[in-house]
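Asks: After the structure tokens below, expect a handful of questions from me.
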Amino acid sequence: MKILLRHSLKQTDCMSVAGLVLLIHDIILTFPRYVELIWKRKVTTSSIMFAVMRHGNIIAQGIGLAYYLWPNPPYAFCKAWFYSEEWVSDVLFIPVSVFLALRTYALYRGEGAFYKWLIFGVVLSSNLALFVSLSLATAEVRFSPLPAPGLTCSFTISGPPNTAGLVQFIASTYFDFVIFGLSALRCWQHYKQGNVRIIKILFKSCLLYFVFLFTTGLASLIMYKTLPDARAELKGVLINPMRTAAVIITSRMVLNIRSIVWSDGPITTENLATPFDKTTVGSASLRWRVAPGQEDPMEFDEDEY
1 MKILLRHSLK
11 QTDCMSVAGL
21 VLLIHDIILT
31 FPRYVELIWK
41 RKVTTSSIMF
51 AVMRHGNIIA
61 QGIGLAYYLW
71 PNPPYAFCKA
81 WFYSEEWVSD
91 VLFIPVSVFL
101 ALRTYALYRG
111 EGAFYKWLIF
121 GVVLSSNLAL
131 FVSLSLATAE
141 VRFSPLPAPG
151 LTCSFTISGP
161 PNTAGLVQFI
171 ASTYFDFVIF
181 GLSALRCWQH
191 YKQGNVRIIK
201 ILFKSCLLYF
211 VFLFTTGLAS
221 LIMYKTLPDA
231 RAELKGVLIN
241 PMRTAAVIIT
251 SRMVLNIRSI
261 VWSDGPITTE
271 NLATPFDKTT
281 VGSASLRWRV
291 APGQEDPMEF
301 DEDEY
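Residue numbers for the sequence shown follow the UniProt record's numbering, so the first one is 1 and each next one is one higher.
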């Protein structure tokens, strides 16, 4: 039992380190665009949310490594960090969900109020569910001193909050599924209208990433529900990679949108479909300014992003 637990913890530790390294690597790659599009611009609610989302996750995941890797930690630290991590991770999910929801809502501008309230309801309900899970985690979790020297904080949890964890995974998967479903529906609508170029833009700029977020969330939910107690630590092996992917995808979407808003000259569907490279994700079809002769009723709203 202990051998299996140690092996599971090692796998979780490796994934946690990999997630943090990828997040730092992405920030280094996009740092010039970050300075130009965030730091040098007017401070807005969206720029504050962006900074909290990006830097907050680095700090949280960095301190989280101590939870998983620090041998013989103080018992009080383990308890305090467990509760803090639960709150911090849920708070940091808010800007991610808001940005992804705005990105999806922009696809349905002018399509009626139904989609607006649907997306608002999904964001509100998923975040409320996450905070409900916090109260469940507080009530369920049980701690005990380390059973042997040389172990980490993971071994202080004698009664894991299984119900709270299940609620968290369901809420996250539910949010990703609805966002992916709405984006796929919009692609289908454009396909029926013959808008092939827009479909390519949507596929490159959001649909592939939403598929990734949804499938990893679904995989985590299945693992959490089916893995035996002997491999309990593996239930959360994809948590940090999921957080990292969500932050990277969301932050690059925001940077791309801001670069489109403040670009010189007209913007067309052709130059929206930017290719993949180290610092950009294919720019999204939201509402855009267009060149003469390519009029489209949609345009960007700078304050949203």
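For each residue, glycine too, the CB sits at the ideal point set by N, CA and C.
(1) Arg-142 by DSSP, collapsed to three states: which one?
(2) Just curious, the beta strand (DSSP E) that Gly-159 is in, first and last residue?
(3) So is Glu-111 buried or exposed if we call it buried at 16+ other beta carbons inside 10 Å?
(4) Three-state secondary structure (DSSP) at Ile-170?
(5) Determine whether the beta carbon atoms of Ala-171 and Leu-136 lie at a separation below 8 Å.
(6) Considering Leu-213, what are the terminal residues of the alpha helix (DSSP H) in which it resides?
(7) Would you say Val-178 reaches chain D, if we count a Cβ-Cβ gap shorter than 8 Å as a contact?
(8) Measuring straight from C-alpha to C-alpha, what distance separates Asn-271 and Arg-258?
(9) Taking its Cβ as the centre, do 16 or more other Cβ atoms sit within 10 Å of Gly-194, making it buried, or is it exposed?
(10) Express the C-alpha separation of Gly-150 and Lys-79 in angstroms, rounding to a whole number.
(11) From which residue to which residue does the alpha helix (DSSP H) around Pro-95 run?
(12) Apart from the five residues on each side of it in sequence, which residues of its chain come closer than 8 Å, Cβ to Cβ, to Pro-145?
(13) Pull up the distance between the alpha-carbon of Ile-249 and that of Phe-212, whole angstroms please.
(14) For Phe-177, which residues in the same chain have their Cβ closer than 7 Å to its Cβ, ignoring the five residues on either side in sequence?
(15) With Val-256 as the anchor, note down where its alpha helix (DSSP H) starts and where it stops.
(16) Buried or exposed for Ala-18, going by 16 or more other Cβ atoms inside 10 Å?
(17) My output table needs one value for Val-43: the three-state DSSP class, helix, strand or coil.
Replies: Reading off the structure:
(1) strand
(2) 157-159
(3) exposed
(4) helix
(5) no
(6) 208-226
(7) The question asks about chain D, but that chain is absent: this structure has only one protein chain.
(8) Note that Asn-271 scores a pLDDT of 44, beneath 50, so its modelled location is shaky; the value from the coordinates is reported in the next line. If I take the Cα positions, the gap works out to 14 Å.
(9) exposed
(10) Going by C-alpha positions, Lys-79 is about 17 Å away from Gly-150.
(11) Element bounds for Pro-95: 75-106.
(12) In its chain, beyond the 5 residues on either side, Tyr-75, Thr-156 have a beta carbon closer than 8 Å to the beta carbon of Pro-145.
(13) Whole-angstrom Cα-Cα distance: 10 Å.
(14) Here the set comprises Phe-214.
(15) Inspection of the sequence shows that residue 256 is occupied by Asn rather than by Val. 239-261 is the span of the alpha helix (DSSP H), which, as asked, contains Asn-256.
(16) exposed
(17) coil
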